[in-house]
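In the UniProt record's numbering, the protein residues as written are 1 to 603.
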């Protein structure tokens, strides 16, 4: 990736009516601003170069660039930078490659290498700090200082692999109409935004502010009820109307008198994880005004600031400890003929490579605070908005992907540890967005086992929609004791979500098992990068220490086995650090089917 040239891909991933993607590669010149005082100059130089040489300007403008476009903010603007990256990054591209919507996955496949994973993204602001910021904004609302403010926070975690592959993974689930993939030479932006900031075609400007959210539900009737609730919500309509009025006011600064109109107010659009309320605003620009004038008049978008806009931005500057960076800015293009389109850079990941295809991922999320907002509800809505970025959501929608439980049947005792198996599958289903009926599944298991007369291995699989399958096979020969084990490096990032769930996506485990078996071992024990052992490919690891079993902590990245949980709940096992040298005096491996057996390392 180090030798990859900067590029911009502007992408429409909607399933219906998707427009062509715009691909820009090899900029002839790049216009960059790192501090607010440099923003106006960068935009002016970009506009002058395009006027002189033609071509397309494409790239992004960070939220804090908006501070430089408002003179009131300049005295303290330098305290806010672009979160470690540019406030403005616009490339001048001589040519554009149009990519048909159906061909974008192919382009991503050709230009992305291998697989990618996105680790858990955790809030970088504590719940307590969020509550303090929320209270400050509500005090300002009650005092009549503002009507609404958008309160945001960053989520952060790690990623591995090629960012192009990660975008390709997230894109099908997000189905974003105004997405984009940008590499600026140092950082990556993966934008899966459903929101248009502003477009300009033949002098006609269009904005589509988005305000009002409900989560999606797996059940069709429940999902319909949520959409209808949003449609009829006076609170959400009031929030939406505030932003529409703000956008109309901003547009009127550059529009012909009387040309600003509203179309389709309070429409509800549905996306894979949320329903959103949107309203469309149109305006015709004054003669001599163009895309840069629109940016100066509208940026940043009112839907991610609040109303009144300037005062809301002042309060945001006061209560949010971190710069937003590209988040809440805009990604898009200005064509040589004057037409333009920019998104609101929400649902946008910023990736900073570190080494060996690993790096840091930051995702901004937020919600609108009004007089009757509830802090707990807003916190949950804010975190919900990061759901689209779980790589698990994208991978788990792949055809044939399912959850697995492998259980032991005994003719006298039935399924061993049945409730723990069902509880683990239920927890995985909830996290990955699967439907799972624990009661119905238990009944089907009991029906299957009714005619079994010999010990058996029972395999349960559950699909995304709740469809389950059961299979009983002979238990087979027990593991020989001591079971022979080989040590191999953990084949995926410790933050990989697949380590925490038992699923059909087990190729990395199977590859490690294959290597171990070639070395005449029965099991592969996996070694964390920090030198701690985590688990076996089909078992958990235990060492005896001071009369109790010690098993590696789940936080290292491993499957919390059912036998492991049972031993911990009985007080027979505890979590603790286990290293290679701890195995020298003997150790155990175990799972719910084979039980606990003595093990040894192969020479």
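Glycine is no exception: its CB is placed at the ideal position from the N, C-alpha and C atoms.
Any contact of the stretch 373-385 with the stretch 416-428, i.e. 3+ C-beta pairs under 8 Å? no
Can you tell me the Cα-Cα spacing of residue 109 and residue 437, whole angstroms? Here residue 109 corresponds to residue number 109 of the chain shown, with the count starting at 1. Here residue 437 corresponds to residue number 437 of the chain shown, with the count starting at 1. So the two alpha carbons sit approximately 37 Å from each other.
Just to check my reading of the structure: residue 416 and residue 165 have Cβ atoms closer than 8 Å, yes? What is that Cβ distance to the nearest angstrom? For the purposes of this step, residue 416 is identified with residue 416 of the chain shown, where counting begins at 1. For the purposes of this step, residue 165 is identified with residue 165 of the chain shown, where counting begins at 1. Actually they are not in contact, since the Cβ atoms of residue 416 and residue 165 sit about 40 Å apart, beyond 8 Å.
Would a C-beta distance cut-off of 9 Å place residue 159 and residue 118 closer than the cut-off? Translated into positions along the chain shown, residue 159 becomes position 159. Translated into positions along the chain shown, residue 118 becomes position 118. Going by C-beta atoms, residue 159 is nearer than 9 Å to residue 118.
If I follow the unbroken alpha helix (DSSP H) through residue 221, where does it start and stop? Residue 221 sits at position 221 when you count from the first residue of the chain shown. Unbroken alpha helix (DSSP H) run through residue 221: 220-231.
Three Cβ pairs or more, each shorter than 8 Å: is that satisfied between the stretch 47-55 and the stretch 25-32? yes
Buried or exposed: where does residue 450 fall if 16 or more other Cβ atoms within 10 Å of its Cβ makes it buried? Position 450 of the chain shown holds residue 450. Residue 450 is exposed by the Cβ-count criterion.
For residue 545, count the other beta carbons within 10 Å of its own beta carbon; 16 or more makes it buried, fewer makes it exposed. Which is it? By 1-based counting over the chain shown, the position of residue 545 is 545. When all chains shown are included, residue 545 counts as exposed.
Rounded C-alpha distance that separates residue 391 from residue 144: The sequence position of residue 391 within the chain shown is 391, counting from 1. The sequence position of residue 144 within the chain shown is 144, counting from 1. Below a pLDDT of 50, predicted positions are generally treated as unreliable, and residue 391, at 48, falls in that range; no measurement from the model is reported.
Can you tell me whether residue 515 is buried or exposed, with buried defined as 16 or more other CB within 10 angstroms of its CB? The count along the chain shown starts at 1 and reaches residue 515 at position 515. Answer is exposed; the Cβ neighbour count stays below 16.
Opening and closing residue of the alpha helix (DSSP H) in which residue 566 lies: Numbered from 1 along the chain shown, position 566 holds the residue referred to as residue 566. From DSSP, the alpha helix (DSSP H) with residue 566 extends over 562-569.
In chain order, which beta strand (DSSP E) runs of at least 3 residues are fully inside the stretch 421-465? 456-462
Can you list the alpha helix (DSSP H) stretches of 4 or more residues lying completely in the stretch 262-299, in chain order? 291-298
Determine the DSSP secondary structure at residue 375, reduced to helix, strand or coil. For the purposes of this step, residue 375 is taken as the residue at position 375 of the chain shown. Here residue 375 sits in helix by DSSP.
Cutoff 8 Å; reference residue 467; Cβ partners in own chain excluding five residues on either side: Position 467 of the chain shown, counted from the start, is the residue given in the question as residue 467. Taken in chain order, the list of residues that qualify is empty.
So the alpha helix (DSSP H) residue 514 belongs to, where does it begin and stop? Mapped onto the chain shown, residue 514 falls at position 514. From DSSP, the alpha helix (DSSP H) with residue 514 extends over 507-518.
I'd like the span of the alpha helix (DSSP H) that includes residue 252, first residue to last. For the purposes of this step, residue 252 is taken as the residue at position 252 of the chain shown. Element bounds for residue 252: 234-252.
So what's residue 591 in DSSP terms, helix, strand or just coil? Counting from 1 along the chain shown, the entry for residue 591 is found at position 591. Here residue 591 sits in strand by DSSP.
Spatial neighbours of residue 309 within its chain, please: C-beta separation below 8 Å, excluding the five flanking residues on both sides. For this step, residue 309 is matched to residue 309 along the chain shown. Correct list, in chain order: 246, 250, 302.
Rounded to a whole number of angstroms, what is the C-alpha to C-alpha distance between residue 600 and residue 483? Position 600 of the chain shown holds residue 600. Position 483 of the chain shown holds residue 483. Cα to Cα, the separation comes out at about 6 Å.
C-beta contact flag for residue 14 and residue 176 at 9 Å: The count along the chain shown starts at 1 and reaches residue 14 at position 14. The count along the chain shown starts at 1 and reaches residue 176 at position 176. The answer is yes: Cβ separation under 9 Å.
Out of 300, 114, 105, state which residue places its alpha-carbon closest to the alpha-carbon of residue 70. Here the question's residue 70 lines up with position 70 in the chain shown. Of the candidates 300, 114, 105, the one whose C-alpha sits nearest the C-alpha of residue 70 is 300.
Please state the DSSP three-state secondary structure of residue 130. For the purposes of this step, residue 130 is taken as the residue at position 130 of the chain shown. In the structure shown, residue 130 sits in a helix (DSSP, three-state: H, G or I).
Range of the contiguous beta strand (DSSP E) that encloses residue 604: This structure cannot settle anything about residue 604, because the visible part of the chain is limited to 1 through 603.
Can you tell which of 271, 202, 208, 316 has its C-alpha closest to the C-alpha of residue 287? The residue labelled residue 287 in the question sits at position 287 within the chain shown. Closest option to residue 287, Cα to Cα, is 202.
Within the chosen definition, does the stretch 207-222 reach the stretch 182-192 through at least 3 CB pairs nearer than 8 Å? no
Restricting to Cα atoms, I'd like to know which of 139, 162, 103 is closest to residue 114. The residue given as residue 114 occupies position 114 in the chain shown. Minimum Cα distance to residue 114 is reached at 162.
Can you give me the Cβ contacts of residue 107 inside the same chain, cut-off strictly under 7 Å, excluding the 5 residues immediately before and after it? If you number the chain shown from 1, residue 107 lands on position 107. Around residue 107: 99.
Considering only DSSP beta bridges, list what residue 485 is partnered with. Counting from 1 along the chain shown, the entry for residue 485 is found at position 485. DSSP output for residue 485 lists 523, 601 as bridge partner(s).
How big is the Cα-Cα spacing for residue 136 and residue 48? Along the chain shown, read from residue 1 onward, the residue named residue 136 stands at position 136. Along the chain shown, read from residue 1 onward, the residue named residue 48 stands at position 48. Taking the straight line joining both Cα atoms gives about 43 Å.
In terms of residues, what are the limits of the alpha helix (DSSP H) holding residue 107? The residue given as residue 107 occupies position 107 in the chain shown. Element bounds for residue 107: 104-111.
For the stretch 582-589 against the stretch 541-555, do three or more pairs of beta-carbon atoms, one drawn from each stretch, fall closer than 8 Å, so that the two count as touching? yes
If you follow the beta strand (DSSP E) that residue 543 is in, where does it begin and where does it stop? One-based indexing of the chain shown puts residue 543 at position 543. Run containing residue 543: 540-545, per the beta strand (DSSP E) assignment.
How many Å lie between residue 411 and residue 369 at the Cα? Translated into the one-based positions of the chain shown, residue 411 becomes position 411. Translated into the one-based positions of the chain shown, residue 369 becomes position 369. Rounded to whole angstroms, residue 411 to residue 369 spans 59 Å at the Cα level.
Look at residue 260 and residue 283 and say whether their C-beta atoms are less than 9 Å apart. For the purposes of this step, residue 260 is taken as residue 260 along the chain shown, with counting starting at 1. For the purposes of this step, residue 283 is taken as residue 283 along the chain shown, with counting starting at 1. In contact: residue 260 and residue 283 (Cβ atoms closer than 9 Å).
Please determine, among 500, 307, 124, the residue with the shortest C-alpha to C-alpha distance to residue 429. For the purposes of this step, residue 429 is taken as the residue at position 429 of the chain shown. The option with the nearest alpha carbon to residue 429 is 500.
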